[in-house]
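Be aware that the sequence shown starts at 129, since it is given in my numbering, and climbs by one per residue. One structure is given below, encoded as structure tokens.
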Amino acid sequence: MTTDHLQDAIDRYPWYHTLDLGNGAVTRGMFDHRGQEDRYGMPADLGGKRCLDVGTMDGFWAFAMERRGAASVTAVDLEDPEALDWPASLRHRIRKTMDETKGERFELARRALGSSVDRRLCSVYDLDSAELGTFDFVFCSDMLVHLKDPMTAVERLRGVCTGTAVVVNPVKEQFPFRRRPLAQFDGVDEFEWWVPNRAALVRMLEAAGFADVRCGPEFALPAVAGGPWKGRRRWVRGQV
Ligand SMILES: C[S@@+](CC[C@H](N)C(=O)[O-])C[C@H]1O[C@@H](n2cnc3c(N)ncnc32)[C@H](O)[C@@H]1O
Numbered sequence: 129m130t131t132d133h134l135q136d137a138i139d140r141y142p143w144y145h146t147l148d149l150g151n152g153a154v155t156r157g158m159f160d161h162r163g164q165e166d167r168y169g170m171p172a173d174l175g176g177k178r179c180l181d182v183g184t185m186d187g188f189w190a191f192a193m194e195r196r197g198a199a200s201v202t203a204v205d206l207e208d209p210e211a212l213d214w215p216a217s218l219r220h221r222i223r224k225t226m227d228e229t230k231g232e233r234f235e236l237a238r239r240a241l242g243s244s245v246d247r248r249l250c251s252v253y254d255l256d257s258a259e260l261g262t263f264d265f266v267f268c269s270d271m272l273v274h275l276k277d278p279m280t281a282v283e284r285l286r287g288v289c290t291g292t293a294v295v296v297n298p299v300k301e302q303f304p305f306r307r308r309p310l311a312q313f314d315g316v317d318e319f320e321w322w323v324p325n326r327a328a329l330v331r332m333l334e335a336a337g338f339a340d341v342r343c344g345p346e347f348a349l350p351a352v353a354g355g356p357w358k359g360r361r362r363w364v365r366g367q368v
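Structural data, given as structure tokens:
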């Protein structure tokens, strides 16, 4: 595909991730993680590792793992927008354009990058080592906040992980109870269910059976023009 054709193909879609697809072709994402990668707790060297990206969307983090030397990368997502855990208040109200074409966008990016990431349709709730195998490194970013049952999801991450897992999630400190594990509940106004504080995010991984759980510093993504939300996030990392 020529660069002009690629840019035309890119411009047919709304993009979640800003992806540099080579030769000046760049997607105009809702988020731009370029230059922010080091804040996400992902090891710089994934040489020889079997990696899993959960909730991959356009694939930014799956492609990043490939660049970091992963032996293989599997990326999972849900195709049907109706299968997501929408709050009742938003399920029939919100336009789901971004969720309807993520498979096509991922495939366009994968081909342009010459990537061999293996994208599978699978809910995090259904991750099963008998189906997908196990992974040395599991990454799951900005997804738990969109789940009604984030704890079951973390247990499923643990079930397919044989090494390290990194979860990145919005956090909100509930002052003055900083040390207590707490979460703020929405489920009505935003597509957000639970926003934990730091202590709760750590405890979630511990409760799922991860050991040596560490948390990274809080950070915000720089604003993208027209972008929706720039809440504060943290990574949390656990070992098996
Ligand atoms: C907000 S996007 C985050 C994309 C990417 N992980 C990142 O951090 O930039 C949430 C992603 O999680 C996916 N997702 C939501 N619920 C899911 C579920 N139950 N199982 C698998 N993926 C899910 C969505 O389809 C979407 O791709």
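Glycine included, each C-beta is placed from N, C-alpha and C at the ideal position. Note that this is a predicted model, so its numbers are computed, not measured.
Quiz item: For V316, does the three-state DSSP call read helix, strand or coil?
Solution: coil
Quiz item: Which same chain residues, not among the five before or five after E259, have their C-beta less than 8 angstroms away from its C-beta?
Solution: C250
Quiz prompt | Beta-carbon proximity list for V245, same chain, < 7 angstroms, skipping 5 on both sides | solution = G187, A190, F191, E194, V201, A203, R238
Practice problem: Evaluate the contact criterion for the stretch 222-239 versus the stretch 159-176: three or more CB pairs, one atom per stretch, below 8 angstroms. | Solution: no
Quiz item: According to the neighbour-count rule (16 or more other Cβ atoms, all chains shown, within 10 Å of its Cβ), is K230 buried or exposed?
Solution: By the beta-carbon neighbour count (other beta carbons within 10 angstroms, threshold 16), K230 is buried.
Practice problem: Quickly, what does DSSP pair T202 with across the bridge? List them, please. | Solution: L180, D246
Self-check item: Unbroken beta strand (DSSP E) run spanning R365, endpoints
Solution: Looking at the DSSP string, the run of the beta strand (DSSP E) that includes R365 is 360-367.
Quiz item: What residue from I222, F265, G359, L255 has the CA that sits closest to P324's CA?
Solution: G359
Quiz prompt | 8 angstroms Cβ cutoff met for M185 and H145 | solution = Taking 8 angstroms as the Cβ cut-off, M185 and H145 qualify as a contacting pair.
Self-check item: Distance cut-off 7 angstroms: T292 Cβ against heavy atoms of ligand 1
Solution: Placement of the Cβ of T292 at a distance of 7 angstroms or more from every heavy atom of ligand 1 is found.
Practice problem: Starting from H145, follow its DSSP beta bridges and name the residues at the other end. | Solution: F159
Self-check item: Contacting residues, own chain, Cβ-Cβ under 7 angstroms from E334 (five flanking each side not counted)
Solution: V341
Practice problem: Report back the beta-carbon spacing between D276 and D213 to the nearest angstrom; my notes put them in contact at under 8 angstroms. | Solution: Rather than Asp, the amino acid found at residue 276 in this sequence is Lys. So it is a contact: roughly 5 angstroms between Cβ atoms.
Exercise. Measure the Cβ-Cβ separation of A328 and L310 and say whether it is below 8 angstroms.
Key: yes
Quiz prompt | G197 beta carbon less than 8 angstroms from that of A293 | solution = Against a cut-off of 8 angstroms, the Cβ pair of G197 and A293 comes out as no contact.
Quiz item: L218 to T262, Cα distance in whole Å?
Solution: 35 angstroms
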